[in-house]
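Okay, so here's the structure we're looking at.
Number of protein chains: 2
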Amino acid sequence: MSKYINVMNDIFKALNDATRREILDLLKQKDMSAGEIADAFNISKPSISHHLDILKRADLITSEKNGQFIIYSINTTIMEDVLQWILTFKQ
Amino acid sequence: MSKYINVMNDIFKALNDATRREILDLLKQKDMSAGEIADAFNISKPSISHHLDILKRADLITSEKNGQFIIYSINTTIMEDVLQWILTFKQ
DNA sequence: TATATATTTAGACAAATATCTAAATACTTT
DNA sequence: AAAGTATTTAGATATTTGTCTAAATATATA
Chain H
169 MSKYINVMND IFKALNDATR REILDLLKQK DMSAGEIADA FNISKPSISH HLDILKRADL
229 ITSEKNGQFI IYSINTTIME DVLQWILTFK Q
Chain A
169 MSKYINVMND IFKALNDATR REILDLLKQK DMSAGEIADA FNISKPSISH HLDILKRADL
229 ITSEKNGQFI IYSINTTIME DVLQWILTFK Q
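Going down the list, the sequences are from chains H and A.
When we follow the working numbering, the leftmost residue of the first sequence carries the number 169, and every step to the right adds one.
When we follow the working numbering, the leftmost residue of the second sequence carries the number 169, and every step to the right adds one.
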């Protein structure tokens with residue numbers, strides 16, 4: 169199995185959850201700490217941490233430690249892969 | 169929960185499987201019967217039928233009966249929804 | 001009408017997933 | 001150094017998912 173297929177698997181797996189897509193929508197607007205992100209949902213912090221891990225493994229987000237906080241940012245470049253795949257369906 | 173979210177859920181759920189993405193890649197090239205599609209994979213016909221059902225529920229494909237055969241076609245218009253969502257991440 | 005072909009439906013099962021609580025780790029502040 | 005805050009890790013559990021075999025349905029052909 170090619171590397172490309174694994175990448176696409178990880179990306180689509182990451183996108184296959186409404187909470188994770190909402191996290192991306194939040195990060196699209198501004199960088200946020202794990203706690204800030206968790207506060208936006210009625211889900212426990214450990215669960216949000218798990219979602220962040222899946223998004224990170226798919227390279228859809230990056231994280232950087234800032235004191236006690238971990239700040240998450242969106243990585244828009246990886247979306248290019250999905251975009252290219254989608255575009256192959258445009259006629 | 170809005171209708172839009174359900175649509176996106178169904179689409180992303182459908183795309184979250186390598187076999188289903190391959191089926192779409194096949195149908196991108198030409199319409200095919202369920203049997204022809206199944207022959208392209210080392211998976212049982214009932215399993216492929218199940219995958220086709222998921223793709224159909226997401227409106228990613230359509231089907232038409234032709235004698236004993238059921239011919240599947242891709243529905244590219246639904247990809248527009250995904251495309252638009254992806255494009256919101258471009259800068 | 002009987003048989004063959006094409007496809008789906010039903011039911012079972014193992015693996016993956018989303019969630020939770022409790023505990024661990026890491027950093028900050030007093 | 002102790003206590004507080006932020007986050008993750010560990011482990012458990014219910015639900016969802018992908019797959020299979022067997023059976024049902026629908027159409028075609030001999």
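Built from N, CA and C at the ideal position, the CB exists for glycine as well.
Remember, predicted model here, so these are calculated numbers, not experimental data.
Alanine 186/H has a beta carbon lying within less than 8 Å of a beta carbon in chain A.
Using a 10 angstroms sphere on the CB of phenylalanine 257/A, the tally of other CB atoms reaches 16 or more, which defines it as buried. An exposed status is given to histidine 218/A, since fewer than 16 other beta-carbon atoms sit within 10 Å of its beta-carbon. When C-beta atoms of the stretch 187-206 of chain A are compared with those of the stretch 210-228 of chain H, fewer than three pairs fall below 8 Å, so the two segments do not count as touching.
Of all residues in the stretch 192-210 of chain H, only Leu192, Asp193, Lys196 come within less than 9 Å of chain A when Cβ atoms are compared, listed by chain position. Counted as a single uninterrupted DSSP element, the alpha helix (DSSP H) harbouring threonine 187/A occupies residues 186-197. Excluding the 5 residues flanking it on each side, alanine 182/H has same chain C-beta neighbours closer than 8 Å at Arg188, Ile222, Leu223, Arg225, Ala226, Leu228, in chain order. Counting of Cβ neighbours within 10 angstroms places phenylalanine 237/H among the exposed residues, the total staying below 16.
Within chain A, the residues placing a beta-carbon under 7 Å from that of isoleucine 254/H are Met247, Val250, Leu251, Ile254, ordered along the chain. In this structure, alanine 208/A places its C-beta atom within 8 Å of the C-beta atom of leucine 194/A.
Residues of the stretch 227-238 of chain A with a Cβ closer than 7 Å to any Cβ of chain H: none. The beta carbon of glycine 203/A lies closer than 8 Å to those of Lys213, Phe237 in the same chain, with the five residues before and after it left out.
Remark: C-beta atoms of glutamate 232/A and isoleucine 242/A do not approach each other more closely than 8 Å.
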